[in-house]
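Asks: Below you will find the structure I want to go over with you.
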Amino acid sequence: MRRIYDISTPIESGGVVYPGNPDIRIELQQAIARGASSNVSNIAMGSHTCTHVDAPRHFFDDGAGTDTLPLDALMGPALLIAMEPDVMAVTADLLRPYDLTHVSRVLIRTRNSSFIGDGRFHSDFTYLSPDGAGYLVEQNVRLVGVDYLSVEQFHSGHHQTHRTLLGRGVVIVEGLDLREPPPGVYELRCLPLRLVGLDGAPARAVLLAS
268 MRRIYDISTP IESGGVVYPG NPDIRIELQQ AIARGASSNV SNIAMGSHTC THVDAPRHFF
328 DDGAGTDTLP LDALMGPALL IAMEPDVMAV TADLLRPYDL THVSRVLIRT RNSSFIGDGR
388 FHSDFTYLSP DGAGYLVEQN VRLVGVDYLS VEQFHSGHHQ THRTLLGRGV VIVEGLDLRE
448 PPPGVYELRC LPLRLVGLDG APARAVLLAS
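When we follow my numbering, the leftmost residue of the sequence shown carries the number 268, and every step to the right adds one.
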């Protein structure tokens, strides 16, 4: 039986969110302890919470929402690559050594993975540079996944990484937990909630080892 790596980050009340995004609030709306027949929870959070998928509508008003993203882009072989701990920006030069000729999905592990679970936001996270995004588009990559809450440099002011990818229909998956699986080729399964017309949606993502 193939090993399954859960690469989703847990969603919990008070969890880390990108600055300016809605806080995560989960509370019992009905509780057996209070006399109800069952437990039912009320969940409030943003569309870009923890592990989530960015749809083109995130940066383009006329772009596709998460409910219309092609499912075949979100499932299939994926190459997990690992950057050195001193890499602050994943550039085209750093990506060129990898053979992406027949690769449709790229997951990028960086120093960001060491931040997962420490309970605070790191504004100096490693990001995918605009030229790195452009290179992946040139290689016909359909999905890019990263190990922090944004693929873009914090407060970049231009959003070119997002625009370059989403503008060419490349699906972005952010907030992945890539600490455990070693670099290599896996089968990716990543399905965002089917929220109609939304700019993004939380997702459960797993890797299946060969």
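Where is the CB? At the ideal position from N, CA and C, for every residue including glycine. Since we're looking at a predicted model, the values are computed, not measured.
1) Using the three-state DSSP reduction, which class does Q420 fall into: helix, strand or coil?
2) Reducing DSSP to helix, strand and coil, say where A298 ends up.
3) Suppose you measure from the CA of L475 to the CA of G302; what does that come to, to the nearest Å?
4) Going along the chain, which unbroken runs of the alpha helix (DSSP H) with 4 or more residues stay wholly within the stretch 306–367?
5) By DSSP, does G442 sit in helix, in strand, or in coil?
6) Within the chosen definition, does the stretch 422–439 reach the stretch 448–455 through at least 3 CB pairs nearer than 8 angstroms?
7) Output needed for S390: all residues of its chain with C-beta closer than 7 angstroms, excluding positions within five of it in sequence on either side, in chain order.
8) For the stretch 396–408 against the stretch 376–383, are there 3 or more C-beta pairs whose distance is under 8 angstroms?
9) Which one of T335, I310, E419, H369 has the shortest CA to CA distance from T392?
10) According to DSSP, simplified to helix, strand and coil, what is G451?
11) Nearest to L395 by alpha carbon, out of V440, S371, G386?
12) Whose CA, out of P289, G287, N306, lies closest to the CA of L296?
13) Applying the criterion that 16 or more other CB atoms from any shown protein chain within 10 Å of the CB defines a buried residue, is D414 buried or exposed?
14) For the 8 angstroms Cβ check, are there 3 or more pairs between the stretch 330–341 and the stretch 458–466?
15) What does G412 pair with, by DSSP beta-bridge criteria?
16) Nearest to R363 by alpha carbon, out of A400, D353, P337, L341?
17) Going by alpha carbons, who is nearest to H369 out of I299, A298, P344, A311?
18) Would you decide whether M268 is buried or exposed? Buried here means 16 or more other CB atoms lie within 10 Å of its CB.
19) In terms of residues, what are the limits of the beta strand (DSSP E) holding R471?
20) Quick check: what's the CA-CA separation for G287 versus L346?
21) Would DSSP call Y394 helix, strand or coil?
Replies: Put simply:
1) Mapped onto the sequence shown, residue 420 falls at position 153. Coil, per DSSP.
2) Position 31 of the sequence shown, counting from 1, holds the residue named residue 298. Here A298 sits in coil by DSSP.
3) Here residue 475 refers to the residue found at position 208 of the sequence shown. Here residue 302 refers to the residue found at position 35 of the sequence shown. Rounded to whole angstroms, the separation of the alpha carbons of G302 and L475 is 43 angstroms.
4) Here the runs fully enclosed are 338–341, 359–362.
5) The residue given as residue 442 occupies position 175 in the sequence shown. Correct three-state label for G442: coil.
6) Too few Cβ pairs lie closer than 8 angstroms, so no.
7) Residue 390 sits at position 123 when you count from the first residue of the sequence shown. So the list reads F421, once near-sequence residues are dropped.
8) Contact between the stretch 396–408 and the stretch 376–383 is not established, with fewer than three Cβ pairs separated by less than 8 angstroms.
9) Locating residue 392 in the sequence shown gives position 125, where the first residue counts as 1. According to the sequence as given, residue 392 is Phe; it is not Thr. Of the residues T335, I310, E419, H369, the one whose Cα lies closest to the Cα of F392 is E419.
10) Within the sequence shown, residue 451 is the residue found at index 184, counting from 1. Here G451 sits in strand by DSSP.
11) One-based indexing of the sequence shown puts residue 395 at position 128. Here the closest residue by C-alpha is V440.
12) Residue 296 sits at position 29 when you count from the first residue of the sequence shown. What sits at residue 296 in the sequence shown is Gln, not Leu. Of the candidates P289, G287, N306, the residue whose Cα lies closest to the Cα of Q296 is N306.
13) Along the sequence shown, read from residue 1 onward, the residue named residue 414 stands at position 147. Buried, because 16 or more other Cβ atoms sit within 10 Å of the Cβ of D414.
14) These segments touch.
15) The count along the sequence shown starts at 1 and reaches residue 412 at position 145. Bridge partners of G412: L374, V440.
16) By 1-based counting over the sequence shown, the position of residue 363 is 96. Per the Cα distances, A400.
17) Numbered from its first residue, the sequence shown carries residue 369 at position 102. The residue from I299, A298, P344, A311 with its alpha-carbon nearest to that of H369 is P344.
18) As a first step, residue 268 is located in the sequence shown; it is residue number 1 there, counting from the start. Exposed.
19) Within the sequence shown, the letter at position 204 stands for residue 471. Residue range 467–476 is occupied by the beta strand (DSSP E) that includes R471.
20) Locating residue 287 in the sequence shown gives position 20, counting from the first residue. Locating residue 346 in the sequence shown gives position 79, counting from the first residue. One C-alpha to the other measures close to 32 angstroms.
21) Against the sequence shown, residue 394 aligns to sequence position 127. Shown here, Y394 sits in a strand according to DSSP, grouped into three states.
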